[in-house]
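The opening position of the sequence shown corresponds to residue 24 in this note's numbering, with each subsequent residue numbered one higher.
For each residue, glycine too, the CB sits at the ideal point set by N, CA and C.
Remember, predicted model here, so these are calculated numbers, not experimental data.
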Amino acid sequence: QPFLRLAAPDGRLLNPTEPLQDSGLQNGDRITAVAQKPKVVATGGTMALWCDGGDRIVTWGKDVGTLAVQDQIRNVLQIHATR
């Protein structure tokens, strides 16, 4: 999960897995680095990390079930821990 994203001159966030050659950037274009504030929650020995604007959550800890579905969690808007 990236904590730093790059924005094109038109404001769109660049895909971190896509080569810059495929992004449509031109020689001389200026890009902007956007720092994202991470959010971490924990409950019962399992933790989750998410960044505003990110679409994925990274989980780790005791709960193996959470780790097993980590790659299926998409389009996250916020995270919250419960007891």
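Exposure of residue i, with buried meaning 16 or more beta-carbon neighbours within 10 Å
| i | result |
| --- | --- |
| A104 | exposed |
| A65 | exposed |
Contact check, residue i vs residue j, beta carbons under 8 Å
| i | j | result |
| --- | --- | --- |
| S46 | L37 | yes |
Close-in-space but distant-in-sequence residues of the same chain around residue i (CB under 6 Å, 5 per side omitted)
| i | result |
| --- | --- |
| I1 | Absent from the structure is residue 1, since the part of the chain shown begins at 24 and ends at 106. |
Cut-off 7 Å between Cβ atoms - residues of its own chain near residue i, not counting five sequence neighbours on either side
| i | result |
| --- | --- |
| R53 | P32 |
| Q101 | none |
| P42 | none |
Any C-beta of chain B under 8 Å from that of residue i
| i | result |
| --- | --- |
| N50 | Structure shown: chain B not included; a single protein chain is present. |
Are at least three pairs of beta-carbons, each pair with one atom in the region 49-65 and one in the region 28-40, less than 8 Å apart? yes
Can you check the region 28-61 for any beta strand (DSSP E) of at least 3 residues that lies completely inside it and give the ranges in chain order? 55-58
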